[in-house]
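K.L.:
Before we start, here is the structure in question, set down as structure tokens.
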Amino acid sequence: MIRVLLVDDQALIRGGFRALLENEDDIEVVAEAANGEQGVALALEHRPDVALVDIQMPVMDGIEATRLIAADERLSGVHVVILTNYGLDEYVFNALRAGACGFMVKDTEPADLVQGVRVAARGDALLSPAITRRLIGEYVARRPGPAPGALEVLTNREREVTALVARGLSNDEIAAHMVISPTTAKTHVSRAMTKLGARDRAQLVVFAYESGLVTPRRG
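Numbering-wise, the UniProt record's numbering puts 119 at position 119 of the sequence shown, and it's gapless, one number per residue.
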């Protein structure tokens, strides 16, 4: 059973998501919060698998809530998915840097929302490659990257898989591209994440763009 926490200041939105998710046999909504502060407290209380978190909320916004959840070792099993009204919300990138595993727009199709919760619960990054490239191109280019030489901790293979992860490829697709086994691809990805201190694949994507390993594609 996938346990979900809803964090959104609009009761109607929470009610809609609850009705949709609880219609699934493998998903249970364990709690609802109306702001980020409540969200963090309820995450500690219930330890959900997935927290669907809105960005703009009173008292504490979704970015700060995400940062606090990601920084708390007791909540290492909580995967935060940011909810936004727009695919290019200017705050989404900050949320990914804070530790969110991905983001979804609020008007996504119901089936996609349900599938997104399942993907996040598995610990996979919930990122649309097309939206991610546009997001990075719009905002990341304005930010300073890691110190020179930050990628030196990675082997050539690890750099290659990091770049492919940033392009939106799954482990199976990386394996096919590099002509290696999916298990080996997963191992390379895991080692790169460990060396770079990335919480998950989403942060690995952010690092790849910030470091210049991958260059934003326009259009």
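We put the beta carbon where it would ideally sit given N, CA and C, even for glycine.
Owing to the predicted nature of the structure, the values given are computational and were not obtained by experimental measurement.
Is T155 closer than 9 Å to A196 when the C-beta atoms are compared?
P.N.:
Taking the first residue of the sequence shown as 1, we reach residue 196 at position 196. Taking the first residue of the sequence shown as 1, we reach residue 155 at position 155. Sequence check: residue 196 is Leu here, not Ala. No, the Cβ-Cβ distance between L196 and T155 is not below 9 Å.
K.L.:
Assign M104 to one of three DSSP states: helix, strand, or coil.
P.N.:
In the sequence shown, counting from the first residue as 1, residue 104 sits at position 104. In the structure shown, M104 sits in a strand (DSSP, three-state: E or B).
K.L.:
Excluding sequence positions up to five away, which residues of its chain have a Cβ less than 6 Å from the Cβ of L52?
P.N.:
Counting from 1 along the sequence shown, the entry for residue 52 is found at position 52. Correct list, in chain order: L6, V81 and L83.
K.L.:
Are the beta-carbon atoms of N85 and P58 separated by less than 9 Å?
P.N.:
In the sequence shown, counting from the first residue as 1, residue 85 sits at position 85. In the sequence shown, counting from the first residue as 1, residue 58 sits at position 58. Not a contact, by the Cβ cut-off of 9 Å.
K.L.:
State the DSSP-derived secondary structure class of T155, mapped to helix, strand or coil.
P.N.:
Taking the first residue of the sequence shown as 1, we reach residue 155 at position 155. If DSSP states are grouped into helix, strand and coil, T155 belongs with coil.
K.L.:
Assign residue 223 to buried or exposed, taking buried as 16 or more other Cβ atoms, counted over all protein chains shown, within 10 Å of its Cβ.
P.N.:
This structure does not reach residue 223, given that the chain is present from 1 up to 219, and the question cannot be answered.
K.L.:
Could you check how far apart the C-beta atoms of R47 and G16 are, in whole angstroms? I think they sit under 8 Å.
P.N.:
Against the sequence shown, residue 47 aligns to sequence position 47. Against the sequence shown, residue 16 aligns to sequence position 16. So it is not a contact: roughly 24 Å between Cβ atoms.
K.L.:
Can you tell me the Cα-Cα spacing of P110 and I63, whole angstroms?
P.N.:
Position 110 of the sequence shown, counted from the start, is the residue given in the question as residue 110. Position 63 of the sequence shown, counted from the start, is the residue given in the question as residue 63. Answer to the nearest angstrom: the Cα atoms are 24 Å apart.
K.L.:
Q203: buried (16+ other C-beta within 10 angstroms of its C-beta) or exposed?
P.N.:
To locate residue 203, count along the sequence shown from 1; it is residue 203. The residue is buried, with at least 16 neighbouring Cβ atoms inside 10 Å.
K.L.:
Judging by CA-CA distance, which residue of S181, T194, V205 and L20 is the nearest neighbour of G168?
P.N.:
Against the sequence shown, residue 168 aligns to sequence position 168. If we check each option's Cα against that of G168, V205 comes out closest.
K.L.:
Where does the unbroken alpha helix (DSSP H) through I55 begin, and where does it stop?
P.N.:
Taking the first residue of the sequence shown as 1, we reach residue 55 at position 55. No alpha helix (DSSP H) holds I55; DSSP gives it neither H nor E.
K.L.:
Can you look up V92 in the DSSP assignment and give me helix, strand or coil?
P.N.:
As a first step, residue 92 must be located in the sequence shown, where it is residue number 92. Helix at V92.
K.L.:
Measure the C-alpha to C-alpha separation of S181 and A100 and round it to an integer number of angstroms.
P.N.:
Sequence index remark: in the sequence shown, residue 181 carries index 181 (1-based). Sequence index remark: in the sequence shown, residue 100 carries index 100 (1-based). So the alpha carbons of these two residues sit roughly 28 Å apart.
K.L.:
Pull up the CB-CB distance for A98 and T66, whole angstroms please, since I reckon it's below 8 Å.
P.N.:
As a working mapping, residue 98 is identified with position 98 in the sequence shown. As a working mapping, residue 66 is identified with position 66 in the sequence shown. Sure, about 4 Å apart at Cβ, within 8 Å.
K.L.:
Checking 9 Å against the spacing of the C-beta atoms, do D49 and A120 come in under that value?
P.N.:
Residue 49 sits at position 49 when you count from the first residue of the sequence shown. Residue 120 sits at position 120 when you count from the first residue of the sequence shown. Yes. Within cutoff.
K.L.:
Just to confirm, is the Cβ distance from V165 to A208 under 9 Å?
P.N.:
On the sequence shown, residue 165 is found 165 positions in, with the first residue counted as 1. On the sequence shown, residue 208 is found 208 positions in, with the first residue counted as 1. Yes, the Cβ-Cβ distance between V165 and A208 is below 9 Å.
K.L.:
Buried or exposed for R14, going by 16 or more other Cβ atoms inside 10 Å?
P.N.:
The residue labelled residue 14 in the question sits at position 14 within the sequence shown. Label assigned to R14: buried.
K.L.:
Helix, strand or coil, according to DSSP, for E22 in the structure here?
P.N.:
Within the sequence shown, the letter at position 22 stands for residue 22. Coil.
K.L.:
Take D200 as the anchor and find which of L12, I27, A70 and R18 has the nearest alpha-carbon.
P.N.:
Residue mapping note: residue 200 aligns to position 200 of the sequence shown, counting from 1. Of the candidates L12, I27, A70 and R18, the one whose C-alpha sits nearest the C-alpha of D200 is A70.
K.L.:
Could you tell me how far apart the beta carbons of A43 and L21 are, in whole angstroms, since I believe they sit closer than 8 Å?
P.N.:
Stepping through the sequence shown from its first residue, residue 43 is reached at position 43. Stepping through the sequence shown from its first residue, residue 21 is reached at position 21. Actually they do not touch by this definition, with Cβ atoms about 17 Å apart.
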